[in-house]
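Q: The sequence shown begins at 460 in full-length UniProt numbering and counts up by one.
Every residue gets a Cβ at the ideal spot worked out from N, C-alpha and C, and that includes glycine.
Once you've had a glance at the structure underneath, I'll fire off some questions.
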Amino acid sequence: HAKNKSEMHYQFFNADLLSEFTTNAEIERDLHQAIRGREFELYYQPLMDLKTNQYIGAEALIRWHHPKKGVLYPGAFIEIAEQTGMINPIGEWVLESACKQLNLWQHKDVNIAMHVNVSARQFFSGNLYEQVWRLVTRYRIKPKTLVLEITETELMGDIRYAINLCHELAELGVGLAIDDFGTGYSSMKYLKQFPISKLKIDRSFIMDISSSRESREIVSAIIAMANALNISLTAEGVETKEQEAFLSSSACHHAQGYLYSPAIRVNDFAQFIEHHTTWVPVEH
Ligand code: C2E
Ligand code: MG
Ligand code: MG
Ligand code: MG
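What follows is the structure in structure tokens.
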């Protein structure tokens with residue numbers, strides 16, 4: 460039956476269903492091929508400045524065009540890549556692709572920051588600084604437009620090493636953001652020793668803003684802390700106008716989420732940004 464066939468076809472390309480009956484060993488095997496076969500692609504999600512109503516950045520998010528399984532999201536493979544060490548070549552590819560793209564944007568006077576996720580293994584690999592230095596030089600990137608996102612839990616793995624590396628990166632001029640802030644176990648005592656330029660409040664807090672007074676209080680407290688420390692703050696996972704209104708009125712700096720756009724392909728992103736700047740007047 461044609462109908463059954465199309466149903467099978469649908470299931471075959473549904474990443475959620477598939478991840479359940481794909482073994483880690485299969486994914487590991489396919490990851491080797493993925494790098495050689497150029498099966499990865501970076502998608503970009505815009506970052507909104509809540510004060511000026513302008514897009515001021517993009518977060519690069521990896522997607523895997525698996526030849527048999529369709530598009531796979533990082534949730535399906537990043538952890539395995541991390542465990543097997545495959546994250547190192549993947550992470551290098553991500554950084555290089557993001558820097559290449561940033562260079563293209565800077566040539567076209569698209570003035571936005573590029574956020575790149577760095578995993579723990581990549582962070583502690585021993586050559587992150589060298590990699591970043593080489594890329595910033597090679598692609599003539601204004602260092603502060605490159606922002607590395609690292610989770611608190613990662614930083615707390617080896618605090619001394621992490622503090623040193625962050626200071627070196629900060630001296631190079633690149634931005635450092637703590638990702639998924641609020642979900643880890645970092646203590647304020649350690650956190651203030653890092654030369655952090657940005658915090659990103661985890662989506663789980665934003666999700667409950669409209670329904671939970673407690674979540675609103677937590678978000679307000681984090682905003683106040685960030686302001687006191689002179690760190691800019693991004694709310695992740697903003698999906699509704701209501702959430703945006705609360706964040707704006709609480710003086711949260713930046714927002715990211717499906718309310719604006721999911722992560723999209725590079726050409727769509729260029730169009731998206733262009734469209735927006737055509738229609739929204741810049742405040743002076
Ligand atoms: P993250 O860095 O916290 O990225 C934000 C995630 O939230 C992305 O999921 C994004 O698509 C999703 N998101 C954004 N706005 C919304 C929203 O309004 N609602 C909901 N429900 N979700 C939203 P994605 O792309 O699946 O990535 C998941 C995680 O995988 C990332 O979390 C990051 O930790 C990791 N990741 C993604 N790309 C890379 C990469 O290139 N390298 C490394 N090491 N990790 C990556
Ligand atoms: Mg991130
Ligand atoms: Mg995040
Ligand atoms: Mg998150």
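Could you spell out the range, first to last residue, of the beta strand (DSSP E) harbouring G634?
A: Reading the sequence shown from its first residue, position 175 is the one you call residue 634. Element bounds for G634: G634 to F640.
Q: Just to check, is the beta-carbon of D568 closer than 6 angstroms to a non-hydrogen atom of ligand 2?
A: Start at 1 with the first residue of the sequence shown, and residue 568 comes out as number 109. Outside the cutoff, so no.
Q: Report the rounded CA-to-CA distance for S708 versus G641, giving the unit in angstroms.
A: Here residue 708 refers to the residue found at position 249 when the sequence shown is read from its first residue. Here residue 641 refers to the residue found at position 182 when the sequence shown is read from its first residue. Near 21 angstroms, if we compare the C-alpha coordinates of G641 and S708.
Q: Roughly how many angstroms lie between the CA atoms of N483 and G544, to the nearest whole one?
A: To locate residue 483, count along the sequence shown from 1; it is residue 24. To locate residue 544, count along the sequence shown from 1; it is residue 85. Between N483 and G544, the C-alpha separation is close to 13 angstroms.
Q: Using only alpha-carbon positions, find the residue among S720, Q513, C625 and I609 that is nearest to Q652.
A: Working through the sequence shown from its first residue, we reach residue 652 at position 193. With distances taken between Cα atoms, Q652 lies closest to C625.
Q: Per DSSP, what are the beta-bridge partners of H491 in this structure?
A: On the sequence shown, position 32 is the one that residue 491 refers to. In DSSP, H491 forms no bridge with anything.
Q: What I want to know is whether the C-beta of E526 ends up closer than 6 angstroms to one or more non-hydrogen atoms of ligand 1.
A: Translated into positions along the sequence shown, residue 526 becomes position 67. Before going on, a small fix: residue 526 reads as Pro here, not Glu. For ligand 1, not one heavy atom lies less than 6 angstroms from the Cβ of P526.
Q: Near ligand 2, which residues have their beta-carbon closer than 5 angstroms to a heavy atom?
A: N576, E608 and D638
Q: Can you say whether G634 is buried or exposed, counting buried as having 16 or more other CB atoms within 10 angstroms of its CB?
A: Indexing the sequence shown from 1 puts residue 634 at position 175. By the neighbour-count rule (16 or more Cβ atoms within 10 Å), G634 is buried.
Q: Please report the residue range of the beta strand (DSSP E) in which S691 lies.
A: Your numbering for residue 691 matches position 232 in the sequence shown. Looking at the DSSP string, the run of the beta strand (DSSP E) that includes S691 is S691 to A694.
Q: Under 6 angstroms from any heavy atom of ligand 1, does the C-beta of P533 make it?
A: Here residue 533 is taken as the residue at index 74 of the sequence shown, counted from 1. Correct: P533 has its Cβ closer than 6 angstroms to ligand 1.
Q: To the nearest angstrom, report how far apart D489 and I571 are at their CA atoms.
A: Locating residue 489 in the sequence shown gives position 30, where the first residue counts as 1. Locating residue 571 in the sequence shown gives position 112, where the first residue counts as 1. Between D489 and I571, the C-alpha separation is close to 34 angstroms.
Q: If you run the structure through DSSP and keep just helix, strand and coil, what is N576?
A: If you number the sequence shown from 1, residue 576 lands on position 117. In the structure shown, the three-state DSSP call for N576 is strand.
Q: Are the beta-carbon atoms belonging to residue 448 and I618 less than 7 angstroms from one another?
A: Given a span of 460 to 743 for the chain in the structure shown, any question on residue 448 remains unanswerable.
Q: Quick check: the Cα distance between M666 and T612, rounded to an integer number of angstroms?
A: For this step, residue 666 is matched to residue 207 along the sequence shown. For this step, residue 612 is matched to residue 153 along the sequence shown. Roughly 21 angstroms between the two C-alpha positions.
Q: Pull up the DSSP beta-bridge partners for K657, would you.
A: Here residue 657 refers to the residue found at position 198 of the sequence shown. Answer is A636 and S691.
Q: Does the Cβ of K567 have 16 or more other Cβ atoms within 10 Å, making it buried, or fewer, making it exposed?
A: Along the sequence shown, read from residue 1 onward, the residue named residue 567 stands at position 108. The residue in question, K567, is exposed, as its Cβ has fewer than 16 Cβ neighbours within 10 Å.
Q: In the DSSP assignment, find the beta strand (DSSP E) that holds residue 769 and state where it starts and stops.
A: The displayed coordinates of the chain run from 460 to 743. Any statement about residue 769 would go beyond what the structure contains.
Q: Please confirm whether V697 and A683 have their CB atoms less than 7 angstroms apart.
A: The count along the sequence shown starts at 1 and reaches residue 697 at position 238. The count along the sequence shown starts at 1 and reaches residue 683 at position 224. For V697 and A683, no; Cβs fall outside 7 angstroms.
Q: I'd like to know if the segment 718-737 and the segment 499-518 are in contact, where contact means that at least 3 CB-CB pairs between them fall below 8 angstroms.
A: yes
Q: Measure how close the beta-carbons of E541 and R599 come, nearest whole angstrom, since I'm counting them as under 8 angstroms.
A: Walking along the sequence shown from the start, residue 541 turns up at place 82. Walking along the sequence shown from the start, residue 599 turns up at place 140. About 31 angstroms separates the two Cβ atoms, so there is no contact after all.
Q: Does the beta carbon of K657 fall short of 6 angstroms from some heavy atom of ligand 3?
A: Here the question's residue 657 lines up with position 198 in the sequence shown. No, the beta carbon of K657 sits no closer than 6 angstroms to any heavy atom of ligand 3.
Q: Can you tell me the Cα-Cα spacing of A687 and T693, whole angstroms?
A: Mapped onto the sequence shown, residue 687 falls at position 228. Mapped onto the sequence shown, residue 693 falls at position 234. Spanning the two alpha carbons is a distance of roughly 15 angstroms.
Q: For a test of your reading of the model: does the CB of I665 fall under 6 angstroms from any non-hydrogen atom of ligand 1? Yes or no.
A: One-based indexing of the sequence shown puts residue 665 at position 206. Not under cutoff, so the answer is no.
Q: DSSP three-state call for V569: helix, strand or coil?
A: Here residue 569 is taken as the residue at index 110 of the sequence shown, counted from 1. It is coil, neither helix nor strand.
Q: In chain order, what residues of the same chain have a beta carbon less than 8 angstroms from the beta carbon of K700, not counting five sequence neighbours either side?
A: Position 241 of the sequence shown holds residue 700. So the qualifying residues of the chain are L718.
Q: Where does G516 land, buried or exposed, given buried means 16+ other C-beta within 10 angstroms?
A: The residue labelled residue 516 in the question sits at position 57 within the sequence shown. The residue is buried, with at least 16 neighbouring Cβ atoms inside 10 Å.
Q: Check whether the Cβ of E698 sits closer than 6 angstroms to any heavy atom of ligand 3, and report yes or no.
A: In the sequence shown, residue 698 corresponds to position 239, counting from 1. False, no ligand heavy atom lies under 6 angstroms from that Cβ.
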